[in-house]
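Please read the structure below before turning to the comments.
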Amino acid sequence: MIGLQHYLLLAALLFALGLYGALTRRNTVIVLLSIELMLGAANLNLAALGSFLHGGGSPAAGALSGNAASQLFVLFNIAIAAAEVAVGVAILIALYRLRESVEVDTFDSLKDGP
Numbered sequence: 519m520i521g522l523q524h525y526l527l528l529a530a531l532l533f534a535l536g537l538y539g540a541l542t543r544r545n546t547v548i549v550l551l552s553i554e555l556m557l558g559a560a561n562l563n564l565a566a567l568g569s570f571l572h573g574g575g576s577p578a579a580g581a582l583s584g585n586a587a588s589q590l591f592v593l594f595n596i597a598i599a600a601a602e603v604a605v606g607v608a609i610l611i612a613l614y615r616l617r618e619s620v621e622v623d624t625f626d627s628l629k630d631g632p
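My numbering applies: residue 519 is where the sequence shown begins, and numbers increase by one.
This is the structure in structure tokens:
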């Protein structure tokens, strides 16, 4: 049976991979995807903890098993993350039109003009 440790280990690995990608990559799209991976790891962590601590079962056991509040909180986080991606992509498109690049190093907010 898959225990709580397995879910927490997977969430930690996903978070570490996302953090590595966000800190080392220069492409803004990859940085945004890495941040979303970190948010997904946090959501997995919340769902697993809520299910195991309050329901005693696996999060994959069925719909709304365990504590429904933790799963609804995860759904709320997913909706907020989707809105965050939409705003991030809109800002990225505006910056690309201004700078003609999506590299992080080309975005200097202290300089005037392109």
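All C-beta atoms in this analysis are idealised placements derived from N, C-alpha and C, irrespective of residue type, glycine included.
Fair warning: this is a prediction, and the values are worked out from it, not measured in the lab.
Here's the rule I'm using: 16 or more other beta-carbon atoms within 10 Å means buried, otherwise exposed. How should residue i be labelled?
| i | result |
| --- | --- |
| Tyr538 | exposed |
| Phe594 | exposed |
| Ala589 | With the sequence shown as reference, residue 589 is identified as Gln, and Ala is not the correct amino acid for it. Answer is buried; the Cβ neighbour count reaches 16. |
| Val605 | exposed |
| Gly536 | buried |
| Val471 | The question about residue 471 has no answer here: the residues shown for the chain are numbered 519 through 632. |
| Met556 | buried |
Return helix, strand or coil for residue i, following the three-state DSSP convention.
| i | result |
| --- | --- |
| Glu554 | helix |
| Glu621 | strand |
| Ile611 | helix |
| Gly521 | coil |
Between residue i and the rest of its own chain, which residues show a CB-CB distance below 7 Å, the 5 nearest in sequence each way excluded?
| i | result |
| --- | --- |
| Tyr614 | Val620 |
| Phe591 | Leu564 |
| Glu554 | Ala599 and Val603 |
| Leu522 | Ala566 and Phe570 |
Counting only the same chain and skipping the five closest in sequence on each side, list residues whose C-beta sits under 6 Å from that of residue i.
| i | result |
| --- | --- |
| Leu610 | Thr546 |
Sorted by chain position, which residues of the same chain lie with C-beta nearer than 8 Å to residue i's C-beta, five sequence neighbours on each side aside?
| i | result |
| --- | --- |
| Ala560 | Ala529, Phe533 and Asn595 |
| Val607 | Leu550 |
Mind checking who residue i pairs with in its DSSP beta bridge?
| i | result |
| --- | --- |
| Asn545 | Glu621 |
Using 8 Å as the Cβ pair cut-off and three pairs as the minimum, do the region 590-608 and the region 526-535 touch?
no
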